[in-house]
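Asks: Chains as they are written, first to last, in the numbering used here: chain A, 586 to 707; chain B, 21 to 131.
In this text, a Cβ means the ideal position worked out from N, Cα and C, and glycines have one as well.
Structure incoming, see below.
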Amino acid sequence: GAVVSQHPSWVICKSGTSVKIECRSLDFQATTMFWYRQFPKQSLMLMATSNEGSKATYEQGVEKDKFLINHASLTLSTLTVTSAHPEDSSFYICSARRGWGSYSGRATDTQYFGPGTRLTVL
Amino acid sequence: QKEVEQDPGPLSVPEGAIVSLNCTYSNSAFQYFMWYRQYSRKGPELLMYTYSSGNKEDGRFTAQVDKSSKYISLFIRDSQPSDSATYLCAMNSGGYQKVTFGTGTKLQVIP
Numbered sequence: 586g587a588v589v590s591q592h593p594s595w596v597i598c599k600s601g602t603s604v605k606i607e608c609r610s611l612d613f614q615a616t617t618m619f620w621y622r623q624f625p626k627q628s629l630m631l632m633a634t635s636n637e638g639s640k641a642t643y644e645q646g647v648e649k650d651k652f653l654i655n656h657a658s659l660t661l662s663t664l665t666v667t668s669a670h671p672e673d674s675s676f677y678i679c680s681a682r683r684g685w686g687s688y689s690g691r692a693t694d695t696q697y698f699g700p701g702t703r704l705t706v707l
Numbered sequence: 021q022k023e024v025e026q027d028p029g030p031l032s033v034p035e036g037a038i039v040s041l042n043c044t045y046s047n048s049a050f051q052y053f054m055w056y057r058q059y060s061r062k063g064p065e066l067l068m069y070t071y072s073s074g075n076k077e078d079g080r081f082t083a084q085v086d087k088s089s090k091y092i093s094l095f096i097r098d099s100q101p102s103d104s105a106t107y108l109c110a111m112n113s114g115g116y117q118k119v120t121f122g123t124g125t126k127l128q129v130i131p
């Protein structure tokens, strides 16, 4: 269990176009999903936290008008990169919080990651 | 200074060796510690999850947390070529707090 899918796995687009990336939790409901960027040899950078039925919370420095996030259902969140430019080329990864687990009697946060989407903007 | 420091490697070891991967951190509020494995061009996969200080063992993997030193480790016994991947440490203070990741250490196990 706890499978998260992303589509597409890779995309190449022209500068100025918009690209939509889907993130789905296949076998569980995820009230919270996260969107990350990962550059080569760098850590995962959290872009935004997406809660089902409400507006996403963006990290400092991330343009919410450029990276549109929609979390319309408990199993689907989308990230749209609007007016993409070459500097937006990156590996985009989503994760889904499965909900509360328990470890040593304390609530834990378990995130399951999708396989990622490689975006190349020409 | 980054909140989480992790040597990027690469680390090359022969098959069967014991591997030690480490992270240091600066935020004393961190209480939950995770290790993820990421194969090339794939998303991270959760390997180990520990709370506070102590050890946790799962098969060939052992996670250690030393909060007094702000130092966490992942040991891999009897390493296999299939263990070749990038290993990321991650941590947070719990609850709905943001998870902070290390940069990852690239491990190569040579047959």
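1) Answer with yes or no whether the minimum CB distance from residue 629 of chain A to chain B is below 8 Å.
2) Quick check on the burial criterion: 16 or more other C-beta atoms within 10 angstroms. Buried or exposed for residue 595 of chain A?
3) Which value, in whole angstroms, describes the spacing of the CA atoms of residue 691 of chain A and residue 111 of chain B?
4) Can you give me the Cβ contacts of residue 114 of chain B inside the same chain, cut-off strictly under 6 Å, excluding the 5 residues immediately before and after it?
5) Taking residue 649 of chain A as the query, report the chain B residues whose CB atoms sit under 8 Å from its CB, ordered along the chain.
6) Round the Cβ separation of residue 120 of chain B and residue 28 of chain B to the nearest angstrom and send it over; I've been treating them as touching at under 8 Å.
7) Does residue 688 of chain A get closer than 8 Å to chain B when you measure Cβ to Cβ?
8) So with Cβ pairs under 8 Å, would you call residue 57 of chain B a contact of chain A?
9) Under 8 Å between the Cβ atoms of residue 73 of chain B and residue 87 of chain B?
10) Residues of the stretch 76-91 of chain B in Cβ contact with chain A at a cutoff of 9 Å, in chain order, please.
11) What's the C-alpha gap between residue 625 of chain A and residue 613 of chain A?
12) Can you grab the Cα-Cα spacing for the pair residue 60 of chain B / residue 701 of chain A, in whole Å?
13) Since residue 615 of chain A contacts residue 660 of chain A with CB under 8 Å, what's their CB separation in whole angstroms?
14) Which residues of chain B have a Cβ atom closer than 9 Å to the Cβ of residue 698 of chain A, listed in chain order?
15) Distance cutoff 8 Å, beta carbons only. Does residue 123 of chain B sit that close to anything in chain A?
16) For a cutoff of 8 Å on Cβ pairs, would you count residue 28 of chain B as touching chain A?
Replies: Once the coordinates are examined:
1) With 8 Å as the cut-off, residue 629 of chain A counts as an interface residue toward chain B.
2) Taking all protein chains shown into account, residue 595 of chain A has fewer than 16 neighbouring C-beta atoms within 10 Å of its C-beta and is therefore exposed.
3) In this predicted model, residue 691 of chain A has a pLDDT of only 49, less than 50, meaning its place in the structure is not dependable enough to derive any value.
4) 51, 52.
5) Residues of chain B passing the Cβ test: none, with the nearest at roughly 17 Å.
6) About 16 Å; that fails the 8 Å criterion.
7) In this prediction, residue 688 of chain A has a pLDDT of 49, which is less than 50 and means its spatial position is unreliable; what the coordinates show is noted afterwards. So, interface residue.
8) Residue 57 of chain B does not count as touching chain A.
9) Yes, the pair counts as a contact, with Cβ atoms nearer than the cut-off.
10) Interface annotation for the stretch 76-91 of chain B against chain A: empty, criterion Cβ-Cβ distance under 9 Å.
11) Approximately 30 Å, taken between the alpha carbons.
12) Answer to the nearest angstrom: the Cα atoms are 11 Å apart.
13) Right, their Cβ atoms sit about 7 Å apart.
14) By Cβ distance, chain B contributes 56, 58, 62, 63, 64, 65, 66.
15) Yes, because at least one Cβ of chain A sits closer than 8 Å to the Cβ of residue 123 of chain B.
16) Judged by the 8 Å Cβ criterion, residue 28 of chain B is in contact with chain A.
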